[in-house]
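Read through the structure below, which is laid out as structure tokens, and then see the notes.
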Amino acid sequence: MCNLKTLKINWGLYDAVHLPDGLDYLPDELRYLHWDCYPLEELPSCFNPVNLVELDLAHSSIKQLWDGRKCLPKLKWLNLSFCKHLIRIPDLSDIPSAEHINLIDCISLLEIHSSTQCSGRYLDILFLYGCSKLEKLPPLSGLSSLTELNLYDCNLREIPEDIGYLSLLEELDLGGNGFESLPKSIKELSELRSLRLNNCGMLRSLTELPSGLSYLEAKNCKQLIQFELYADGRGSLNLNFVKCLKLDQKAVSNVFRESLLKMQLMTIEEEEGCSVEAPDERDEEGVPVEEVKVSICLPGSEIPEWFRYKNVGSSINIPALGLRHDCGSNRYIMGFAVCTVLGFEENHDDYHGDLRVGYDFHIETSDGDKEGFFHNPITLLYHEGFFHNRIALLYPESISFERRESIGSDHMFFRYNFSIKCYEFFQKLDTSMGDYVGISFEFHLETPVKGIEVKHCGIHPIYIHSS
Numbered sequence: 001m002c003n004l005k006t007l008k009i010n011w012g013l014y015d016a017v018h019l020p021d022g023l024d025y026l027p028d029e030l031r032y033l034h035w036d037c038y039p040l041e042e043l044p045s046c047f048n049p050v051n052l053v054e055l056d057l058a059h060s061s062i063k064q065l066w067d068g069r070k071c072l073p074k075l076k077w078l079n080l081s082f083c084k085h086l087i088r089i090p091d092l093s094d095i096p097s098a099e100h101i102n103l104i105d106c107i108s109l110l111e112i113h114s115s116t117q118c119s120g121r122y123l124d125i126l127f128l129y130g131c132s133k134l135e136k137l138p139p140l141s142g143l144s145s146l147t148e149l150n151l152y153d154c155n156l157r158e159i160p161e162d163i164g165y166l167s168l169l170e171e172l173d174l175g176g177n178g179f180e181s182l183p184k185s186i187k188e189l190s191e192l193r194s195l196r197l198n199n200c201g202m203l204r205s206l207t208e209l210p211s212g213l214s215y216l217e218a219k220n221c222k223q224l225i226q227f228e229l230y231a232d233g234r235g236s237l238n239l240n241f242v243k244c245l246k247l248d249q250k251a252v253s254n255v256f257r258e259s260l261l262k263m264q265l266m267t268i269e270e271e272e273g274c275s276v277e278a279p280d281e282r283d284e285e286g287v288p289v290e291e292v293k294v295s296i297c298l299p300g301s302e303i304p305e306w307f308r309y310k311n312v313g314s315s316i317n318i319p320a321l322g323l324r325h326d327c328g329s330n331r332y333i334m335g336f337a338v339c340t341v342l343g344f345e346e347n348h349d350d351y352h353g354d355l356r357v358g359y360d361f362h363i364e365t366s367d368g369d370k371e372g373f374f375h376n377p378i379t380l381l382y383h384e385g386f387f388h389n390r391i392a393l394l395y396p397e398s399i400s401f402e403r404r405e406s407i408g409s410d411h412m413f414f415r416y417n418f419s420i421k422c423y424e425f426f427q428k429l430d431t432s433m434g435d436y437v438g439i440s441f442e443f444h445l446e447t448p449v450k451g452i453e454v455k456h457c458g459i460h461p462i463y464i465h466s467s
């Protein structure tokens with residue numbers, strides 16, 4: 001046993017190992033210690049962890065790793081998630097090589113201590129989700145390698161100004177906290193792409209945001225009034241303001257101004273040949289998946305004025321003459337911006353799982369026939385992650401039907417996605433189906449839910465100049 005390098009004990013939450021006489025020994029040569037539901041409050045006091053590379057004690061009864069301080073010079077991975085009784089973790093200066101620390105739902109943890117400014121300089125990922133008793137964060141300026149930081153539900157009344165030093169940060173979750181605004185230094189996070197602020201009930205203003213931000217969730221921020229974002233045109237733009245009912249008209253205008261700008265920049269890129277490529281990603285049936293470029297959800301009851309085609313109800317017909325006139329002799333349709341207004345009655349039915357709006361696309365011919373070309377589901381609600389093979393419009397899990405909380409207000413769902421297939425299709429349409437008289441879109445809930453309906457819909461063609 002003295003030369004044992006890997007110890008892995010996997011047990012369920014209800015059939016864990018029992019050690020009524022305690023544990024006196026662990027070999028000092030251990031490099032990988034993975035013990036689900038470790039039943040004791042500490043590791044053996046004689047254990048010298050100088051060789052540990054990974055330590056995983058998730059769902060354990062541990063209160064602290066040991067009494068006093070010990071150095072773990074080789075430790076890269078520390079997982080103490082769901083350790084409800086944990087009150088203390090090693091000083092960051094004692095785990096100088098740590099790259100990944102997971103402390104999700106350590107509800108008794110009071111502090112993450114760092115005795116030196118440069119502690120944690122190799123730390124790449126830090127998860128503190130649900131550490132609701134946390135009284136003090138380590139100096140963020142010392143965590144210069146962080147790319148992902150999760151501080152959801154950490155009882156934070158303000159966000160430290162030194163968060164602006166996290167120059168490599170790409171994903172940040174500050175949801176479930178009690179701050180009213182973000183520090184101005186947040187704008188310095190030039191690599192930040194994803195920002196989550198869900199359920200920040202005191203948040204009033206979002207005005208100093210990084211220009212490279214492509215994904216923002218601020219669901220159920222009931223006091224949010226102001227919003228400004230000046231996107232730089234790189235990549236996608238995904239904004240989610242479900243149940244932010246106090247957003248002022250200026251904020252809504254800013255959202256759509258940025259979406260228009262984003263679409264214009266994308267079109268210019270396609271015309272210049274910068275990014276017209278068929279998507280490589282395919283779904284489970286082998287069908288190429290379209291990359292969503294712009295996706296927005298926010299309270300509202302009307303389709304934006306600038307939409308070329310709008311209608312009351314769940315369907316819309318577009319005459320071929322109008323499309324041909326808009327295209328002229330040197331333009332083709334690159335894609336469609338799609339907008340729907342969903343009405344949520346106050347007592348709509350409970351719904352569990354993904355709420356999806358789909359649309360069917362048809363070509364109408366002069367003899368009255370309709371030929372269906374594609375059916376495209378729009379995901380409104382999904383539970384895990386932020387990348388989805390058909391992600392388009394997001395509906396929040398945090399106030400989902402599982403919580404039995406009514407939305408009680410109309411919401412707009414908007415998206416635009418570039419499709420090389422759409423471009424090629426409309427290039428050939430006039431020659432292959434010269435007698436077509438129009439196209440139609442029909443929107444519907446893929447799983448009907450009583451009290452939820454498509455009230456309005458709109459289509460806005462996006463054009464590209466042919467070479």
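UniProt numbering puts the last residue of the sequence shown at 467; the count rises by one with no breaks.
Just so you know, even glycine gets a beta-carbon here, dropped at the ideal spot from N, CA and C.
A straight line joining the alpha-carbon of K136 with that of P210 spans about 25 Å. Between L213 and L224, the CB-CB gap reaches or exceeds 8 Å. Burial is judged here by how many other beta carbons sit within 10 angstroms of a residue's own beta carbon; Y25 has fewer than 16 and is exposed.
Non-local C-beta neighbours of N317 in its own chain, meaning closer than 7 Å and more than five positions away in sequence, comprise G438 and S440, ordered along the chain. Taking the CA atoms as reference points, L140 sits about 23 Å from Q64.
Around the Cβ of T340, a 10 Å sphere holds 16 or more other Cβ atoms; the residue is buried. The closest CA to that of L323, considering only C221, S181, I363 and G313, is found on I363. Excluding residues up to 5 positions away in sequence, N155, L156, R157, C200, G201 and M202 lie with their Cβ nearer than 8 Å to the Cβ of G178 in the same chain. By the C-beta density criterion, E305 is exposed, having fewer than 16 other C-beta atoms within 10 angstroms. One Cα belongs to F413, the other to K250, and the distance between them is close to 18 Å.
Counting of Cβ neighbours within 10 angstroms places R69 among the exposed residues, the total staying below 16. In the three-state DSSP reduction, M202 falls in the coil class, being neither helix nor strand. When the alpha-carbon of I9 is set against those of C131, G142 and S60, the nearest one is in S60. For L43, the CB contacts under 6 Å within the same chain, skipping 5 residues up- and downstream, are L65 and W66 in chain order. Within the same chain, and ignoring the five residues on either side of E446 in sequence, the residues whose Cβ sits closer than 8 Å to its Cβ are R356, V357, G358 and P377.
Per DSSP, reduced to three states, the secondary structure at Q226 is strand. For R69, DSSP assigns no beta-bridge partner whatsoever. As for any beta strand (DSSP E) of minimum length 3 sitting wholly inside the segment 23 to 97, the runs are 32 to 35, 54 to 56 and 77 to 79, ordered along the chain. The C-alpha of Y165 lies about 13 Å from the C-alpha of G120. In this structure, I101 is the residue among I101, F82, S45 and S301 with its C-alpha nearest to the C-alpha of L75. Around the CB of N3, fewer than 16 other CB atoms lie within 10 Å, so the residue is classed as exposed. Relative to G176, the option among D153, H460 and K450 whose CA is nearest is D153.
Under the DSSP assignment, K8 falls in the beta strand (DSSP E) whose first and last residues are T6 to I9. I87 and L109 do touch by the CB rule: their CB atoms are close to 6 Å apart, below 8 Å.
C-alpha of G335 to C-alpha of I462: approximately 5 Å in a straight line. By the criterion of a C-beta distance shorter than 8 Å, H85 is surrounded in its chain by E41, S61, I62, K63 and S108, once the five residues flanking it on both sides are discounted. Contact annotation, Y129 with D105: C-beta distance approximately 7 Å; criterion of less than 8 Å satisfied. Straight through space, the alpha carbons of S181 and L72 are spaced by roughly 38 Å. DSSP, reduced to helix, strand and coil, places F179 outside both helices and strands of the structure shown, so it counts as coil. For P319, the enclosing beta strand (DSSP E) covers residues S315 to P319. Contact annotation: I407 and F307 have beta-carbon atoms that are not nearer than 8 Å. When the five nearest sequence neighbours on each side are left out, the beta carbons in the same chain lying within less than 6 Å of the beta carbon of P299 are those of L245, S409 and H411, in order along the chain. P90 has its alpha-carbon roughly 10 Å from the corresponding atom of E111.
With respect to L195, L172 sits close: the two C-beta atoms are nearer than 8 Å.
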